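Colleague: First the structure, which I've put down as structure tokens, then a few questions once you've had a look.
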Amino acid sequence: MFWIELNFCYMAHKYNPQEIEKRWQEKWAIDRIYEVKEGDNRPEFYCLTMFPYTSGDLHIGHWYAMAPSDVYARFKRMQGYNVLHPMGFDAFGLPAENAAISRGIHPYEWTMNNIEKMRHQLKSMGAIYDWNREVITCLPEYYKWTQWFFLKLYHAGLAYRAKAPVNWCPKCQTVLANEQVVGEGSCERCGTTVTKKDLEQWFFRITKYAEELLDFSGINWPERIKIMQKNWIGKSDGAEIFFALEHEGLEQKEIRVFTTRPDTIFGVTFFLLSPEHPLVGQLTTPEQKAEVAEYVAWCRRQPEYMRTALGRDKTGVFLGSYVINRLNRERVPVWITDYVLPTYGTGAVMGVPAHDERDFDFAQKFHLPIRPVIVPPDWSGGELTQAYAELGIMINSGQFTGLSSEQGYEAICDLLEEKGWGRRTVSYRLRDWLISRQRYWGAPIPLVYCDKCGIVPVPEKDLPVLLPPDAEFKPTGESPLKYCPSFVNTTCPKCSGPAQRETDTMDTFMCSSWYFLRYTSPKTDEAPFDTEKVKYWLPVDLYTGGAEHAVMHLFYARFFIKALRDMGLVDFGEPFTHLFNQGTIIYRGAKMSKSKGNVVAPDEYVAELGADAVRGYLMFIGPWELGGEWSDNGIVGISRWLNKAWGLVEKQYASRAVEPETEKELRHFIHKTIKKVTEDLERFRFNTMLASLMEFTNYLSEVDIARNVSIPLWQEAISCFLLLLAPTAPHLAEELWIRTGHPYSIHNESWPNFDEELVKEEQITLPIQINGKLRDKVVVSASVSEAEVKELVLARERVKAYTDGRKILNIIYVPKRVVSIVVR
RNA sequence: GCCGGGGUGGCGGAACUGGUAGACGCGGCGGACUUAAAAUCCGCUUCCCGUGAGGGAGUGUGGGUUCGAGUCCCGCCCUCGGCACCA
Numbered sequence: 003m004f005w006i007e008l009n010f011c012y013m014a015h016k017y018n019p020q021e022i023e024k025r026w027q028e029k030w031a032i033d034r035i036y037e038v039k040e041g042d043n044r045p046e047f048y049c050l051t052m053f054p055y056t057s058g059d060l061h062i063g064h065w066y067a068m069a070p071s072d073v074y075a076r077f078k079r080m081q082g083y084n085v086l087h088p089m090g091f092d093a094f095g096l097p098a099e100n101a102a103i104s105r106g107i108h109p110y111e112w113t114m115n116n117i118e119k120m121r122h123q124l125k126s127m128g129a130i131y132d133w134n135r136e137v138i139t140c141l142p143e144y145y146k147w148t149q150w151f152f153l154k155l156y157h158a159g160l161a162y163r164a165k166a167p168v169n170w171c172p173k174c175q176t177v178l179a180n181e182q183v184v185g186e187g188s189c190e191r192c193g194t195t196v197t198k199k200d201l202e203q204w205f206f207r208i209t210k211y212a213e214e215l216l217d218f219s220g221i222n223w224p225e226r227i228k229i230m231q232k233n234w235i236g237k238s239d240g241a242e243i244f245f246a247l248e249h250e251g252l253e254q255k256e257i258r259v260f261t262t263r264p265d266t267i268f269g270v271t272f273f274l275l276s277p278e279h280p281l282v283g284q285l286t287t288p289e290q291k292a293e294v295a296e297y298v299a300w301c302r303r304q305p306e307y308m309r310t311a312l313g314r315d316k317t318g319v320f321l322g323s324y325v326i327n328r329l330n331r332e333r334v335p336v337w338i339t340d341y342v343l344p345t346y347g348t349g350a351v352m353g354v355p356a357h358d359e360r361d362f363d364f365a366q367k368f369h370l371p372i373r374p375v376i377v378p379p380d381w382s383g384g385e386l387t388q389a390y391a392e393l394g395i396m397i398n399s400g401q402f403t404g405l406s407s408e409q410g411y412e413a414i415c416d417l418l419e420e421k422g423w424g425r426r427t428v429s430y431r432l433r434d435w436l437i438s439r440q441r442y443w444g445a446p447i448p449l450v451y452c453d454k455c456g457i458v459p460v461p462e463k464d465l466p467v468l469l470p471p472d473a474e475f476k477p478t479g480e481s482p483l484k485y486c487p488s489f490v491n492t493t494c495p496k497c498s499g500p501a502q503r504e505t506d507t508m509d510t511f512m513c514s515s516w517y518f519l520r521y522t523s524p525k526t527d528e529a530p531f532d533t534e535k536v537k538y539w540l541p542v543d544l545y546t547g548g549a550e551h552a553v554m555h556l557f558y559a560r561f562f563i564k565a566l567r568d569m570g571l572v573d574f575g576e577p578f579t580h581l582f583n584q585g586t587i588i589y590r591g592a593k594m595s596k597s598k599g600n601v602v603a604p605d606e607y608v609a610e611l612g613a614d615a616v617r618g619y620l621m622f623i624g625p626w627e628l629g630g631e632w633s634d635n636g637i638v639g640i641s642r643w644l645n646k647a648w649g650l651v652e653k654q655y656a657s658r659a660v661e662p663e664t665e666k667e668l669r670h671f672i673h674k675t676i677k678k679v680t681e682d683l684e685r686f687r688f689n690t691m692l693a694s695l696m697e698f699t700n701y702l703s704e705v706d707i708a709r710n711v712s713i714p715l716w717q718e719a720i721s722c723f724l725l726l727l728a729p730t731a732p733h734l735a736e737e738l739w740i741r742t743g744h745p746y747s748i749h750n751e752s753w754p755n756f757d758e759e760l761v762k763e764e765q766i767t768l769p770i771q772i773n774g775k776l777r778d779k780v781v782v783s784a785s786v787s788e789a790e791v792k793e794l795v796l797a798r799e800r801v802k803a804y805t806d807g808r809k810i811l812n813i814i815y816v817p818k819r820v821v822s823i824v825v826r
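Quick note on numbering: the first sequence equals residues 3 to 826 in the working numbering.
Pasting the structure below:
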């Protein structure tokens, strides 16, 4: 009994993160100190973290994305910005539906339970999120507007319906999402090999913006993300060339190819179509019919990943017919092969085996002629053993022989355009955005199919098209909406006759393409957002998140904003001015993720060491953009340091003898630290920021032992330390701020400024190198002259030992850096 | 294959525009306090030779530029991400 009481009294003065974190979180919430309002005279700063998917558990990987950006947001706030740093949930998606199928829980219930749990975990982090602005994409008040945007895009001509191949399991008779195709292209449920099936689906015309999406001027994004998006768009300059068709009974008199190398046109020895090309049937001669049909069927059975795998043996079949190369009037045989993709260019290729590696392999396999038409500039007449894909000098090219590839390119294009045999053009790898999902748990596409009127958009006043609560979840793989008569059967908004609803829902990337607009006015119910508030906050000043979204979310959001701008709904064309990607957290050799089963929950660390320690440790691992390995024992270092800081602040400092020199030194240290912490925060170097704060506390411990500075200066040092610590360890800093007699709250205080004069070093240590090797060091005043340094250095015993009896060839003095002596 | 990041002590990582390599932390060793342990505090800790002062080597690897290279240039190796038969 006695023991316990003693212990308790002792504990009251010890750092107790569990107690103080809970207490401050409650107080901050009650006082609403993080509530965000528009329109005071501070400059605004929109600091956004990618919102999480509602998987159910927040793991250390999530904290790694969120804690440092909260630190940055807090830092900006203390610097005097009006900061919006919101949080919400990406709440539609497949896992919710799978849970419904396997466990019989309704997706809504599953999702909202997860949100409940995640919100609780997020709150334990102690971030400045204003929960009044929370956005949840699966709620009707949100997806009503997702549907509204679909209609806007539809009316702007940016949405269209087309047949497109989807993954199809012949055994389950169902459509599969890419992530449901496992291993070597088989169905995740039954293991059957997945094939392709054409379905009518909805697309957004993102390709219309291909050119503009290549333009990154005016936005500060990581180079590698920009490169990834550029590669994704895959712009190629080239020409479309029309080959003449003289096929009996065929109306079409020409067929087009896209090429980036019109200069190689005289090297065409065969012509290739993709097996899916619409003319395959008509260009097949009766003798070839059986073989062609068999090949086409075989191609359809090939899974996508096999087809695009590199290094496969070339396959193909001759159709029996020919096309004419108008430039040299040659008849060339038409083949089909699966390495020609139906979705790129025109789905047809001119075969130039001498100058294309793939065509070369194909020609070798099927013993087709290989005719060189380009040679290297230094060519000596040797034989061609592999495709020469570089530029060079044209040979065997009629009137163009002798020109360089570049000249030939232009000359041939000129001729093609003059004769009407072709034209210069640009091709993109980018395809339109397929937004249809044959799923329940997404925003329903607000369209109705009427027998009389055709496709009819749901009128705006009838939004949202609600998800029926009574759909049945069976493992059929098809949308439960399809089998829900109360949903499907409706009346036509135009003619009031019977009609059916579209049963596909929208890709969830649609929901995440505009959520950052909704945060500005989450409760607005007559529009998706309040235009004035979007004007005030947008574009996002800093967007942080994982690089895995480079060509999905980040790309779609850019498109979306450009489309909204063109409709006059917003007045900017780029959503995210500054993008920063944090690295990934590795655990047990893999990226931490729920699907890999290697997650570490923050909860137990929070319970044991406190949220401040977890926040701090994540930032201390290394540079934020590089990520790193989570280790259980590394965190104790931060925890110990926070304890040490507590002890340092809580102890009663008593001055023994005030020494002006040490006071000066401490003042210098204070300002040096403010500068370092400020600059490190500015460039997201949280690890070195913490290192410098640790150096500061180490230094303060020495001062505390020596007790040779005045009490006011000591207090100044401590206050400054707490302010610098506040973004990183908000709870601890607040507690100590109050305990040292300051007014509540530290989080409404201003960031400390540093005095450049006080940052300057007065004394510097100069290393002395002799013939490039470090031999001595000398402490000098920072204002020392070059002549003084040289004299001083040459007089030193250790230097003399190397210079006596030798000739000094050179003495280099780099001010404040180094003295380098060259002797012989 | 192409594009991009990265290779620094036992470990995570520092190092400004080329100027004292290894800050800070973890771990380890030694010491103080304790009956003891934990916690805490102090000291040491790149490797090799040397009792020591000191000397030598050293940032994946081989060259180069320079008074001086982790940092710049050329060639190679490993590793992590992205894209991948895109005509």
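Ideal placement from N, C-alpha and C gives every residue a C-beta, glycine not left out. These figures come from a predicted structure and were not determined experimentally.
So who's on the other strand from residue 430, going by DSSP bridges?
Modeller: In DSSP, residue 430 forms no bridge with anything.
Colleague: For the beta strand (DSSP E) that contains residue 320, what are its first and last residues?
Modeller: 319-327
Colleague: According to the neighbour-count rule (16 or more other Cβ atoms, all chains shown, within 10 Å of its Cβ), is residue 32 buried or exposed?
Modeller: exposed
Colleague: Just reading off the beta strand (DSSP E) that residue 622 is part of, what are its end residues?
Modeller: First-last for residue 622: 613-622, but that is the alpha helix (DSSP H), not the beta strand (DSSP E).
Colleague: Residue 235 lies in the alpha helix (DSSP H); which residues open and close that run?
Modeller: 225-235
Colleague: Ends of the alpha helix (DSSP H) at residue 717?
Modeller: 713-727
Colleague: Residues in its own chain within less than 7 Å of residue 424 by CB, not counting five upstream and five downstream?
Modeller: 241, 242, 243, 244 and 418
Colleague: Exposed or buried, what is residue 504 when buried is set at 16 or more other beta-carbons lying within 10 Å of its beta-carbon?
Modeller: buried
Colleague: Check for me: the alpha helix (DSSP H) holding residue 782 runs from which residue to which?
Modeller: No alpha helix (DSSP H) holds residue 782; the beta strand (DSSP E) holding it covers 775-783.
Colleague: For the beta strand (DSSP E) holding residue 404, just list the boundary residues, first then last.
Modeller: That residue, residue 404, is in no beta strand (DSSP E); it is neither H nor E in DSSP.
Colleague: Using the Cα positions of residue 650 and residue 724, report the straight-line distance between them to the nearest angstrom.
Modeller: Rounded to the nearest angstrom, the gap between the Cα atoms of residue 650 and residue 724 is 11 Å.
Colleague: Can you tell me the Cα-Cα spacing of residue 822 and residue 761, whole angstroms?
Modeller: 27 Å
Colleague: Is residue 518 near the ligand FAD, with its Cβ less than 7 Å from a heavy atom?
Modeller: The ligand FAD is not part of this structure, which contains no ligands at all.
Colleague: If you run the structure through DSSP and keep just helix, strand and coil, what is residue 6?
Modeller: Summary for residue 6: the model assigns pLDDT 33, below 50, so the residue's position carries little reliability, and this model does not support an answer.
Colleague: Checking the sheet assignment: what are the DSSP bridge partners for residue 162?
Modeller: 205
Colleague: Are there 16 or more other CB atoms within 10 angstroms of the CB of residue 678, so buried, or fewer, so exposed?
Modeller: buried
Colleague: The alpha helix (DSSP H) with residue 696 in it runs from where to where?
Modeller: For residue 696, the enclosing alpha helix (DSSP H) covers residues 688-708.
Colleague: Using DSSP with H/G/I as helix, E/B as strand and the rest coil, what is residue 440?
Modeller: coil
Colleague: From this set, 730, 571, 68 and 664, which residue's C-alpha is nearest residue 158's C-alpha?
Modeller: 571
Colleague: Among residues of its own chain, excluding the 5 on either side of residue 647, which ones have a beta-carbon nearer than 6 Å to its beta-carbon?
Modeller: 699
Colleague: Considering only the beta carbon of each residue, do residue 48 and residue 95 sit closer than 8 Å?
Modeller: no
Colleague: Would you call residue 249 buried or exposed, if buried means 16 or more other Cβ atoms sit within 10 Å of its Cβ?
Modeller: buried
Colleague: Measure the C-alpha to C-alpha separation of residue 508 and residue 226 and round it to an integer number of angstroms.
Modeller: 29 Å
Colleague: Under 8 Å: do the stretch 114-128 and the stretch 407-421 share three or more Cβ pairs, one atom per stretch?
Modeller: no
Colleague: For residue 644, tell me which candidate among 344, 622 and 665 has the shortest Cα-Cα distance.
Modeller: 622
Colleague: Whole angstroms is fine: what's the gap from residue 518's alpha carbon to residue 135's?
Modeller: Each residue's Cα considered, the two are about 11 Å apart.
Colleague: Kindly indicate which residue of 690, 670, 653 and 18 has the alpha-carbon position closest to the one of residue 707.
Modeller: 653
Colleague: If you check the beta carbons only, do residue 729 and residue 80 fall under 8 Å apart?
Modeller: yes
Colleague: Could you compute how far the alpha carbon of residue 837 sits from the alpha carbon of residue 333?
Modeller: As shown, the chain starts at 3 and ends at 826. That puts residue 837 outside it, with no answer to give.
Colleague: For the 8 Å Cβ check, are there 3 or more pairs between the stretch 464-478 and the stretch 393-404?
Modeller: The stretch 464-478 is not in contact with the stretch 393-404.
Colleague: Mind checking whether residue 868 and residue 325 have CB atoms under 8 Å apart?
Modeller: In this structure the chain extends from 3 to 826, so residue 868 is not present and cannot be described.
Colleague: State the Cα-Cα distance for the pair residue 142 and residue 731, rounded to the nearest angstrom.
Modeller: Our two residues, residue 142 and residue 731, have alpha carbons roughly 37 Å apart in a direct line.
Colleague: May I have the straight-line CA-CA distance separating residue 150 from residue 139, to the nearest angstrom?
Modeller: 14 Å
Colleague: If you draw a straight line from the alpha carbon of residue 101 to that of residue 57, how long is it in whole angstroms?
Modeller: 11 Å
Colleague: Using the rule of at least 16 other Cβ atoms within 10 Å of the residue's Cβ for burial, across every protein chain shown, is residue 313 buried or exposed?
Modeller: exposed
Colleague: Alpha carbon to alpha carbon, how far is residue 695 from residue 675? Give it in angstroms, no decimals.
Modeller: 7 Å
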